[in-house]
Amino acid sequence: MKIALCIEYDGSNFSGWQKQNDVDSIQGEIEKALESIALEKLDTYASGRTDTGVHALVQIVHFETKIQRPITAWVRGVNAFLPSSIRVLWAQEVDDTFHARYSASQRHYEYLVYNASFPSALWANKAGWIHDELDFKKMKEAIQYFEGEHDFSAFRSSECQAKSPIRTMSRISLINYHPFYLFKFSANGFLHHQIRNMMGAILYIGKGNYPSDYIEELLLSKDRTKSPPTFSPDGLYLSGVDYDVRYAFPFMRRTVNIFDNNHL
Numbered sequence: 000m001k002i003a004l005c006i007e008y009d010g011s012n013f014s015g016w017q018k019q020n021d022v023d024s025i026q027g028e029i030e031k032a033l034e035s036i037a038l039e040k041l042d043t044y045a046s047g048r049t050d051t052g053v054h055a056l057v058q059i060v061h062f063e064t065k066i067q068r069p070i071t072a073w074v075r076g077v078n079a080f081l082p083s084s085i086r087v088l089w090a091q092e093v094d095d096t097f098h099a100r101y102s103a104s105q106r107h108y109e110y111l112v113y114n115a116s117f118p119s120a121l122w123a124n125k126a127g128w129i130h131d132e133l134d135f136k137k138m139k140e141a142i143q144y145f146e147g148e149h150d151f152s153a154f155r156s157s158e159c160q161a162k163s164p165i166r167t168m169s170r171i172s173l174i175n176y177h178p179f180y181l182f183k184f185s186a187n188g189f190l191h192h193q194i195r196n197m198m199g200a201i202l203y204i205g206k207g208n209y210p211s212d213y214i215e216e217l218l219l220s221k222d223r224t225k226s227p228p229t230f231s232p233d234g235l236y237l238s239g240v241d242y243d244v245r246y247a248f249p250f251m252r253r254t255v256n257i258f259d260n261n262h263l
C-alpha cells in the first residue's frame, strides 16, 4: 500500500528536510512518527528537499507499507508523535505509479520579506528582514526577467547536484502589504539555493544598487560569482506542488498571505 501525506512545518530548528546523522531533520521526525504507528521501518520520499531554516505550507510525501491502518491513523495518529512544529494535514492512498518527487509537474515557493528599521519579534524566523528602503516598482520590473526557460547557473549553489541548470519559471509575482513584501515563484523545478540567490539579487536592485535589467545580465553571465550574496532562509516557504488531477488530492497549494480572508 502506498500512502501520500501532505505536511506543513516550521523549519527554524531543523537542518532541512533530508535525514542526516546527528542532526535534527524533518524527514527524520516524520519517519520516527510513522514507524510508531506502523511498527516497522519506513522510508519516505518528498516532492523536494527544503534547506535548513526553510518552512513548508505544503510538502507532499509518500511511503509504502504492508501494515493496514485506518487513513486517520496516518494523520491524527502520526501527529501525536510529532513535535508541534510539524503536522500532517491529510493522508490518502495512491496507486503504484505515484511518486512524490517524480510525479510533480510544478513546485511553488513564496518568500515573505519584512521591511522595517528593526527586525520583528513576532516574525523572527518567519520572514526575511531588510532595513533598507525598497523600491517596489524596480523589484516588480526585475522579477519579470526570470520568467520563461533560462540557465540559472548565476543563481545556483556550488553544492547543487542537479544535472542541468535549465529551469522554466512559469510565474513570479510580487505583492506589497506594508511593511511586508510577498514574492511568489512557480517553476517545473528549482536548483539548490536558487530562490534565496534570486532574492539576494532582487533586494539589491530594490535597494538601488543595480538597475532592474541587472537580472538579465546575471542570467546571461551564467556566473554565480557575479550575483549578490544568498539571502536568509527565514522567509522561504514551500507553498505547493502540482500533480495530475486524477490523484484528487484535497489541496496542493496554500499561501503565507495572511493579510486577507483567502489565505488557504
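When the count follows numbering that gives the first Met the number 0, it moves up by one through the sequence shown with no breaks and lands on 263 for the last residue.
Don't be surprised by glycine CBs; every beta carbon is placed ideally from N, CA and C.
- Judged by their CB atoms, L235 and Y108 are nearer to each other than the 9 Å cut-off.
- Residue pairing of A186 in beta bridges, as defined by DSSP: R106 and M168.
- Contact between I36 and V74 is absent: CB atoms are separated by about 10 Å, not below the 8 Å threshold.
- Contact check for F154 and N196: beta-carbon distance about 4 Å, within the 8 Å limit, so the pair qualifies.
- In the three-state scheme derived from DSSP, where H, G and I count as helix and E and B as strand, V93 is classed as strand.
- In this structure, L181 keeps its C-beta atom at 9 Å or more from the C-beta atom of A90.
- Residues of the same chain with a CB within less than 7 Å of the CB of R253, apart from the 5 flanking positions on each side, are L56, V57, S238, G239 and L263 in chain order.
- Residue pairing by DSSP places A45 opposite V60 in a beta bridge.
- When the alpha-carbon of I165 is set against those of I174, L81, L218 and G207, the nearest one is in L218.
- Here the C-alpha atom of F248 lies approximately 33 Å from the C-alpha atom of L121.
- For the 9 Å CB-CB criterion, F97 and A32 do not form a contact.
- Here DSSP, grouped into helix, strand and coil, assigns N78 to helix.
- With fewer than 16 neighbouring CB atoms inside 10 Å of its own CB, L38 falls in the exposed class.
- Per DSSP, the continuous alpha helix (DSSP H) segment holding G199 begins and ends at Q193 to G205.
- Between Q143 and H191, the C-beta spacing is not below 9 Å.
- Less than 9 Å divides the Cβ of V60 from the Cβ of Y44.
- Counting C-beta atoms within 10 angstroms of its own C-beta, S211 has 16 or more neighbours from the protein chains shown and is therefore classed as buried.
- Comparing C-alpha distances from F13 to each of S104, E63, N124 and A72 shows the shortest one belongs to N124.
- Listed in chain order, the non-local C-beta contacts of A115 below 8 Å within the same chain comprise W128, H130 and P178, local neighbours out to five positions each way being set aside.
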